[in-house]
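Just so we're aligned, residue 575 is where the sequence shown starts under mature numbering (1 follows the signal peptide of the UniProt record, and there is no 0), counting upward by one.
We treat Cβ as the ideally placed atom computed from N, Cα and C, and that holds for glycine.
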Amino acid sequence: AKASGRDTHRFYAEAMNAEAVAHLSTRSSLRRALERQEFLIHYQPQVSLETGAVIGAEALLRWNHPDKGMIPPGAFIPVAEDSGLIVPIGAWVLAEACRQAARWRSQGLSLSIAVNLSALQLQRNDLVRTVTQALADSGLDPLLLELELTESMLIQNTELVIDNLRRIKAMGIQVSIDDFGTGYSNLSYIGRLAVDKLKIDRSFVADLTRNHDSAKITAAVIQMAHSLNLTAVAEGVEDAETLEALRLLRCDVAQGYFLGRPGPAEAVERAARQVNPF
Ligand code: C2E
Ligand code: CA
Ligand code: CA
Ligand code: CA
């Protein structure tokens with residue numbers, strides 16, 4: 575085993591901490607999981623609020639653990655980020671998601687594919703190469719690829735991050751801000767970094783119909799998006815009332831359990847072929 579000095583140091587420093595030990599074992603099993611191809615992607619449909627049509631999907635990472643079954647990303651992405659493993663895992667997600675979207679395209683379905691990026695990926699000088707490779711290998715039209723970033727990732731907008739985003743935009747790839755409204759209050763980056771979409775965080779969307787403040791915030795974000803020529807996406811739509819409220823607010827796109835849970839690609843395919851539900 576090639577335990578690095580840093581690992582060894584961390585181990586002794588935190589050996590008494592059960593959580594830290596679990597963390598280390600998760601790290602080595604993550605490495606194995608990547609080699610053994612235990613990761614898979616679930617896809618969640620994104621629906622146009624104008625037409626009711628499925629227009630794309632978000633790629634959501636899952637770990638199909640041999641003993642523990644399907645593990646959600648919240649349980650292992652923090653470890654993957656701490657250990658740097660999110661870089662090869664993220665590259666795999668990008669490649670696989672692009673392959674799936676290209677498959678849909680060859681089946682006559684023009685669906686965009688949204689991929690979540692980690693801060694670590696955005697801060698690397700090989701990001702553009704990784705993205706270019708995923709597009710070239712899959713043959714996917716860059717216009718169908720969308721990268722999701724969070725506000726906090728844009729606060730440390732180093733020259734490298736700005737350059738990465740500029741080059742990604744120049745390729746025709748869409749950029750959206752995920753969990754919008756939960757991060758930083760300084761919005762100046764939106765104009766400077768030329769993003770395309772704002773994804774309103776599901777904490778606002780979820781109680782839109784019950785909480786007046788959430789309704790006001792959601793309405794304000796949609797208005798702001800439109801005045802900046804951005805697309806407004808609502809995530810976490812769990813019932814018909816919320817969907818209707820978002821349509822009245824002229825939100826552009828919606829995503830949530832009510833419209834489709836994350837699942838295998840075939841479920842998105844079926845939904846995309848259905849006549850619109852509105
Ligand atoms: P996210 O990007 O905000 O993704 C949306 C999360 O909300 C997903 O959880 C999704 O299953 C869940 N969701 C969708 N609709 C509803 C709804 O109507 N109600 C509720 N309560 N939840 C809903 P998931 O799949 O567990 O992913 C959690 C987070 O893990 C994601 O949040 C994202 O930050 C991260 N993640 C997922 N896949 C990747 C990946 O490939 N790379 C990176 N870096 N992060 C990822
Ligand atoms: Ca996301
Ligand atoms: Ca989100
Ligand atoms: Ca999130």
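Inset, instruction - Using 10 angstroms around the beta-carbon of V849, count the other beta-carbons present and answer buried if the total reaches 16, otherwise exposed. - result: V849 counts as exposed, since fewer than 16 other C-beta atoms from the protein chains shown sit within 10 angstroms of its C-beta.
Legend entry - Contact shell at 7 Å, judged by CB to any heavy atom of ligand 3, ordered along the chain: That gives D752, D753, K773, D775, R776, E809.
Legend entry - Beta-carbon proximity of L696 to N738, cut-off 8 Å: Taking the C-beta atoms as reference points, N738 is found nearer than 8 Å to L696.
Inset, instruction - Using only the heavy atoms of ligand 1, determine whether one of them is closer than 7 Å to the beta carbon of V811. - result: With a threshold of 7 Å, the Cβ atom of V811 counts as near ligand 1, since some heavy atom of the ligand is closer than that.
Legend entry - Selection from L604, L714, T625, L685 that minimises the alpha carbon distance to I663: If we check each option's Cα against that of I663, L604 comes out closest.
Inset, instruction - Could you work out which residue in S750, L683, P640 is closest to E840 when comparing CA atoms only? - result: Closest option to E840, Cα to Cα, is L683.
Legend entry - Own chain residues within Cβ distance below 7 Å of I742, not counting five before or after: Beyond the five residues adjoining it in sequence on each side, I742 comes within less than 7 Å, by CB distance, of V702, V705, L721, V749 in the same chain, given in chain order.
Inset, instruction - Output yes or no for whether 8 Å exceeds the beta carbon distance between F778 and G755. - result: It is a contact, given that the beta carbons lie within the stated cut-off.
Legend entry - Whole-number beta carbon distance between E843 and G830, since they are thought to touch under 8 Å: With 8 Å as the limit, G830 and E843 do not qualify as a contact, their Cβ atoms being about 19 Å apart.
Inset, instruction - Report yes if the CB atom of I687 is closer than 8 Å to the CB atom of L718, and no otherwise. - result: Cβ atoms of I687 and L718: closer than 8 Å.
Legend entry - Any non-hydrogen atom of ligand 2 within 7 Å of E632 CB: Yes, Cβ of E632 sits closer than 7 Å to a heavy atom of ligand 2.
Inset, instruction - Tell me whether the beta-carbon of L635 lies closer than 8 Å to the beta-carbon of P647. - result: Yes.
Legend entry - Classification of R847 by the beta-carbon crowding that lies within 10 angstroms, buried from 16 upward: Looking at its Cβ environment, which holds fewer than 16 other Cβ atoms inside 10 Å, R847 is exposed.
Legend entry - S692 beta carbon near ligand 1 (any heavy atom closer than 7 Å): Using a cutoff of 7 Å, the CB of S692 counts as near ligand 1, since one of the ligand's heavy atoms is closer than that.
Inset, instruction - Could you tell me if the beta carbon of L728 falls within a distance shorter than 7 Å of some heavy atom in ligand 1? - result: No, ligand 1 has no heavy atom inside 7 Å of this Cβ.
Legend entry - CB of D826 within 8 Å of CB of A806, strictly: Yes.
Inset, instruction - In the DSSP assignment, find the alpha helix (DSSP H) that holds M644 and state where it starts and stops. - result: Per DSSP, M644 lies in no alpha helix (DSSP H); the unbroken beta strand (DSSP E) holding it starts and ends at 643 to 645.
Inset, instruction - Starting from N638, trace the beta strand (DSSP E) both ways and give me its first and last residue. - result: Taken as a continuous stretch (DSSP letters only), the beta strand (DSSP E) holding N638 covers 628 to 639.
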